[in-house]
Each structure stands twice: as structure tokens, then as C-alpha cells.
Amino acid sequence: MSSQPGYFVGIIAVVIAAVLWGTTGTAATFAPQVSPLGIASVTMGVGGLLLALVAARPIARHKTELFNNRLLVLAAAMNVAIYPLAFYSSMKLSGVAVGNVISIGLAPIAAALIEWTFDKQPLNRRWLISIAFGVTGVVCLATAKPASSFESTATSWHNSVGILLGLVAAFTYAMYSWIARRLIDRGIASRAAMGSMFGLGALLLMPVLFVTGAPLLASVNNFSVGLYLAVVPMFLAYLLFGRGLTVVRASL
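Residue numbers for the sequence shown follow our numbering, beginning at 57 and rising by one.
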């Protein structure tokens, strides 16, 4: 059992990471010329490579354990690559508020369901109520008249697809978070687990960045937005998140 001070520090780290993640949608609106795929690939692509770079020594120390868990690492990397593509596309189609509510707000519920499925963690009354509210919220968002997206009023079809992509983002986020915690529980250092997952995920996103990233170099503003997203809500936030996962479950 983790010490109380260590658990508190872990909770604070996760909360700060969540606050930083909450800035991504608003920050992306400052580079409207960049497609959501371009924003996604520079955020996770460059940020993931930075995580892998600073974790080079822990990765080297745990190379045997990482190889023995290679299927988990690869599965996590695939979820890491899918998550930002779904997340930023969701905000583009359904709007920043709806995209964030679905993708980030439902992620703990998705994580709880994953833990219930694979770890046999019981779903207590609190979680059942949360799931009921989450499902109700998604239904309300899906049936409500959409307000706006990044650029213009979204159609009902765009809104529905955006919500679906938000659910994909919530699930993939929950899945790679759960895998990260499982790797840590198997004795792999937090930085090694996060660095290997995000480094491989970043490599998977490089072709997307190559195809869609040109507008990031078209102006200082676009470049600054891309740099901020890669360094702050990606690199720094996931360092904090990895620290938090050493003491808290993915669903918390």
C-alpha cells in the first residue's frame, strides 16, 4: 500500500495533468488553418518523442522487461496513436466543449469498465451511478441541437460522428492508461513504461504529421501552438500522469 503522502502527491500530479489536458482544445483554436489530424500528430508525435528521449536511460535499464511485455507495449502505442486523432477530430466536428466532455469526462468510466473486465475490480454503487449519468449525458449530447464547432455550426451528422470519435478517444485513453499502470505494477519504472509507449505511438504518427503538418510551418502562430501542445499538455502533463499512475488506478 502506498504511503499517504505519496498517494496525495500522485493525486495532485494527476489533477495538474488533467488541468493541462483541458487547455488543448482552446489552444488548438488558435491555429484554425491546421487540421485536427495535423494538431493531433504534432501533439502526440513530437511530445511522444520527447517523452521517449528523456526516458532513454530508464528504457535501457528495463529493456528486458519491456521486451517480455512487448505485446502490451505495442497495444498501448496503437491506442496512443489513435487517441489524439479521435480527440481533436471530435472537437472539430462537435465543438471544443462537447469533445472535451466526451473524451476526457468519460475516460474514467471507460477505465473503470476496463478494470472490471480484465482486473475483476468490482463496480460499486458510485461507479454504477457515474456510468448511468455518463450514458445519459452522451444521449443528451447526441440528441441535442449542436451549437458550434471550431469554425462553424455543426450539422447533426457532424455532431453524431464527433461524439462517436469522442467515445473512441475516451476508450483509447483509458486503455493506454490501464496498460501503463499494468506495466508499472510489473516492476517497470514509470518513465520507462510511458516513454516506450509514447515513443512507439509517436513513430506511428509520423506519417500523419508528414502529410498534414505543413500548415504548422506556415506561420509563427501555428508553430507556437504546435510547440505548446507538444511540450505542455503532452510532454509535461504525461510526465506528471506517469508519476501519478505509480500510486493510483487508471480509473481514478
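All residues carry an ideal CB built from backbone N, CA and C; glycine is no exception.
Test item: CB-CB of R299 and S252 under 9 angstroms: no
Chain-order list of residues whose beta-carbon lies under 6 angstroms from that of M147 (same chain, five-residue window excluded): G81, G155
Residue ranges of each alpha helix (DSSP H) within the region 60-111, 4 or longer: 60-77, 80-84, 92-110
Local Cβ density within 10 Å of E207, reported as buried at 16 or more and exposed below that: Its pLDDT being 45, under 50, E207 is placed unreliably by the model, and the measurement read from it follows with that caveat. With fewer than 16 Cβ atoms within 10 Å of its Cβ, E207 is classed as exposed.
Buried versus exposed, by CB contacts within 10 Å (16 or more), A236: buried
Start and end residues, alpha helix (DSSP H) containing N180: N180 -> no alpha helix (DSSP H), and no H or E assigned at all.
Residues of its chain near L272, where Cβ-Cβ distance is below 7 angstroms and the 5 sequence neighbours each way are ignored: V90, G94, V98, N278, F279, G282
Local conformation of S275 per DSSP, three classes: coil
Under 9 angstroms between C-beta atoms of Y229 and Y139: yes
DSSP three-state assignment for G226, whether helix, strand or coil: Note that residue 226 corresponds to Ala in the displayed sequence, not to Gly. If DSSP states are grouped into helix, strand and coil, A226 belongs with the helices.
Proximity below 9 angstroms, CB of A137 to CB of G218: no
Three-state secondary structure assigned by DSSP to L113: According to the sequence as given, residue 113 is Arg; it is not Leu. If DSSP states are grouped into helix, strand and coil, R113 belongs with the helices.
The region 258-272 touching the region 98-109, judged by at least three CB pairs closer than 8 angstroms: yes
Whether F254 touches A166 by CB criterion (9 angstroms): no
A74 to F123 span [Cα, whole Å]: 30 angstroms
L109, buried or exposed, once every other Cβ within 10 Å from all chains shown has been counted against 16: exposed
Under 9 angstroms between C-beta atoms of L107 and F291: yes
Outcome for G78 when other beta-carbon atoms lying within 10 angstroms are tallied against a minimum of 16: exposed
N215 versus N135 - alpha carbon distance: 23 angstroms
Where T39 falls: helix, strand or coil (DSSP): Residue 39 falls outside the range modelled here, since the chain spans only 57 to 308, and no answer is possible.
Whole-angstrom distance between I187 and L179, CA atom to CA atom: 10 angstroms
Separation of R126 from W213, as counted between CA atoms: 39 angstroms
Pair within 9 angstroms by beta-carbon distance, S159 and A225: yes
Which listed residue (C196, I240, T192, M231) has its alpha carbon closest to that of T173: M231
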